[in-house]
Amino acid sequence: MKVRVNDDGVVIPRHLLGGAAEVEIRKENGIVVVIPLPADDPILDLGSQPVSSGLPDASAAHDRYLYDDAG
7 MKVRVNDDGV VIPRHLLGGA AEVEIRKENG IVVVIPLPAD DPILDLGSQP
57 VSSGLPDASA AHDRYLYDDA G
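The sequence shown runs 7 to 77 under my numbering.
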């Protein structure tokens with residue numbers, strides 16, 4: 007598909023983007039790459055349902071609790 011570049015850039019037809027609401031655009035080795043981004047980024051859910059450990063400082067000292075017994 008060829009499209010004409012105007013002063014604002016180019017318009018990418020919607021059907022090529024699938025259901026993406028957001029895309030990442032970058033240039034790699036002289037090629038423009040358009041990557042549809044997932045609607046929900048799972049990294050944003052980290053910590054939304056923390057585990058209750060009963061330890062008063064588990065979040066601050068988690069390495070000590072994880073690795074002290076591995077010794």
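All C-beta atoms in this analysis are idealised placements derived from N, C-alpha and C, irrespective of residue type, glycine included.
- Item | Whole-Å CB distance - LEU50 paired with ALA26, under 8 Å assumed | The pair is not a contact, with the Cβ atoms about 17 Å apart (cut-off 8 Å).
Could you tell me the boundaries of the alpha helix (DSSP H) in which ARG70 lies?
68–73
**Q.** Three-state secondary structure (DSSP) of ARG20
**A.** helix
Q. Helix, strand or coil: how does DSSP classify PRO44 here?
A. coil
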